[in-house]
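Quick notes on the structure that follows.
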Amino acid sequence: MKQTQTAEKTEYGCVVVGGGPAGMMAAGRAAELGCSVVLCEKNASLGKKLSITGKGRCNVTNATDLNGLMRHMNGDARFLYSAFRAFGPDRVMAFFEELGVPLKVERGNRVFPVSDRAADVTAAMRRYLARSGARVKTARCTGIETEDGAVTGVRTDGGTIPCRCAVIATGGLSYPGTGSTGDGYDFARALGHTVTPLRPSLVELLSDEPLCGRCAGLTLKNCGVRLLRGDKTVYEDFGELLFTHAGVSGPTVLSASAHLRGEGEWMLAVDLKPALDPGELDRRLQRDFAGEKNRLFRNALDGLLPASLRQPLVERSGIAPDKQVNAVTKEERRRLAALLKDLRIGGLRLGPMAGAVVTAGGVSTREIRPATMESKSISGLFFAGEILDVDGYTGGFNLQTAFSTGYAAGTGAAGRAAEF
Ligand SMILES: Cc1cc2nc3c(=O)[nH]c(=O)nc-3n(C[C@H](O)[C@H](O)[C@H](O)COP(=O)(O)OP(=O)(O)OC[C@H]3O[C@@H](n4cnc5c(N)ncnc54)[C@H](O)[C@@H]3O)c2cc1C
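So the sequence shown is numbered by our numbering: it starts at 69 and just counts up by one.
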């Protein structure tokens with residue numbers, strides 16, 4: 069049947085563009101404050117990305133305080149202060165518990181649903197929308213209409229929806245298969261907003277070092293990681309690192325990737341034995357070597373390193389693999405200890421945007437009011453979620469940001485719409 073595309077007659081208080089966590093929160097919040105709301109999502113279902121977060125378990129937030137949140141954000145963290153204060157981790161946790169999603173706190177204060185099912189979080193958001201009275205429409209938005217510096221409507225592939233306020237919550241550019249294809253950046257630019265350079269963050273780091281491919285699949289549980297630009301340490305962390313065919317990944321590397329920006333020789337320095345200082349490590353090597361004096365050096369690291377790392381480390385040490393350990397000199401042993409404390413992986417570059425957990429950069433926070441997420445230049449225009457130039461580390465900080473900014477935008481839009 070041929071469908072004619074007619075414009076909607078009803079004027080809504082607020083049209084929310086994007087049905088991710090930020091958009092759903094904004095729509096539900098504005099509607100529960102009495103605003104007439106329609107949420108437009110181009111996918112057939114809401115929260116496609118939300119449903120795959122946390123490896124399908126959804127790390128909804130981090131059970132930390134305001135300072136803890138601020139320390140885990142990149143970009144203009146101060147911009148988020150009032151949004152976090154109004155709707156912080158305690159409020160997010162109470163919100164989901166009240167919607168029937170019991171939560172648990174894991175290592176590093178990471179909060180997950182007890183069910184370990186991200187789909188339960190998405191379903192709860194849908195219940196929130198239904199309960200608050202927000203309407204949900206499957207539609208792709210193509211732009212925002214304004215008149216005299218104020219929002220008048222949202223253009224969609226099904227016609228224009230007249231409205232007093234629009235919340236743009238279209239997400240970033242990563243995992244485009246979930247719907248996050250960056251449409252909102254174009255809407256923002258078209259309305260005169262600045263979009264700061266976009267780059268992948270919380271992403272695998274690529275390296276041509278053969279060591280990575282040879283160790284692909286190996287996870288180091290407890291290692292120290294430093295990101296260096298030339299000689300300068302830019303970021304330091306401790307925890308898990310994963311070798312991949314193309315480079316390195318895992319929580320420490322993903323967090324480090326948030327700091328890799330601009331030109332330069334980027335390198336990772338991995339401390340494989342963070343619990344031992346260089347002197348203790350040297351004594352440990354002496355003990356190991358003294359235990360089996362006739363052993364060949366290439367077999368001497370068995371108790372010290374996982375299998376796939378041994379051969380590459382033996383090669384890097386510069387010690388002849390067939391040397392008996394009792395012939396390894398003091399200088400060679402010290403060099404080996406230094407290598408174990410400072411394994412370099414060079415030539416680092418960011419992995420592809422499509423595989424990043426978040427997009428760094430976005431709509432400039434300087435042009436937005438922090439308490440309400442409203443544009444400073446266009447009345448009735450709001451932004452929420454990853455589209456903003458703020459991004460956090462792993463640990464639930466990005467969803468917390470989506471919920472806090474969504475809540476602020478929903479509250480702000482309801483207030484603005486009520487003025488008419
Ligand atoms: C694999 C993965 C795992 C992650 N795990 C976690 C985690 O455990 N904890 C955490 O805190 N963060 C996690 N994140 C990050 C988090 O998912 C995002 O930061 C968050 O989803 C951003 O929310 P958002 O609502 O701003 O955008 P999105 O979730 O990207 O939602 C945007 C929505 O807008 C819709 N849209 C786009 N353009 C249009 C248009 N023109 N018209 C209509 N609709 C449109 C899209 O289809 C999409 O549904 C993860 C990310 C990934 C990729």
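Built from N, CA and C at the ideal position, the CB exists for glycine as well.
Kindly indicate which three-state DSSP category residue i falls into: helix, strand or coil?
i           : result
residue 179 : strand
residue 382 : helix
residue 487 : coil
residue 160 : helix
residue 308 : strand
residue 451 : strand
residue 339 : strand
residue 243 : coil
residue 275 : coil
residue 432 : coil
residue 123 : helix
residue 215 : strand
residue 355 : helix
residue 416 : coil
residue 114 : coil
Which two residues bound the contiguous beta strand (DSSP E) that contains residue i?
i           : result
residue 234 : 227-236
residue 460 : 458-460
residue 268 : 267-269
residue 428 : 426-428
residue 287 : 287-297
Based on the DSSP output, what are the partners of residue i in its beta bridges?
i           : result
residue 97  : Residue 97 pairs with nothing; no bridge assigned.
residue 142 : 459
residue 80  : 231
residue 130 : 178
residue 206 : 109
residue 263 : 431
residue 85  : 108, 236
residue 173 : 179
residue 301 : 296
Take residue i as the anchor and find which of the options has the nearest alpha-carbon.
i           : options            : result
residue 460 : 206, 365, 488, 319 : 319
residue 463 : 126, 103, 429      : 126
residue 447 : 214, 195, 77, 153  : 214
residue 247 : 169, 354, 100, 112 : 112
residue 206 : 151, 167, 169, 108 : 108
residue 250 : 455, 443, 477      : 455
residue 336 : 350, 346, 321, 100 : 321
residue 262 : 87, 431, 90, 199   : 431
residue 317 : 344, 257, 284, 331 : 284
residue 453 : 79, 225, 147       : 147
residue 484 : 138, 219, 133      : 219
residue 411 : 486, 288, 339, 434 : 339
Would residue i count as contacting chain C if we go by Cβ distances under 8 Å?
i           : result
residue 279 : Although the question refers to chain C, the structure presented lacks it and comprises just one protein chain.
Residue i lies in the alpha helix (DSSP H); which residues open and close that run?
i           : result
residue 219 : Premise fails: residue 219 lies in the beta strand (DSSP E), 218-224, not in any alpha helix (DSSP H).
residue 363 : No alpha helix (DSSP H) contains residue 363, which DSSP labels as neither H nor E.
residue 403 : 398-409
residue 489 : Outside the modelled stretch of the chain, which goes from 69 to 488, sits residue 489, for which no answer is possible.
residue 393 : Counting along the chain, residue 393 falls outside any alpha helix (DSSP H), and DSSP gives it neither H nor E.
residue 152 : 149-154
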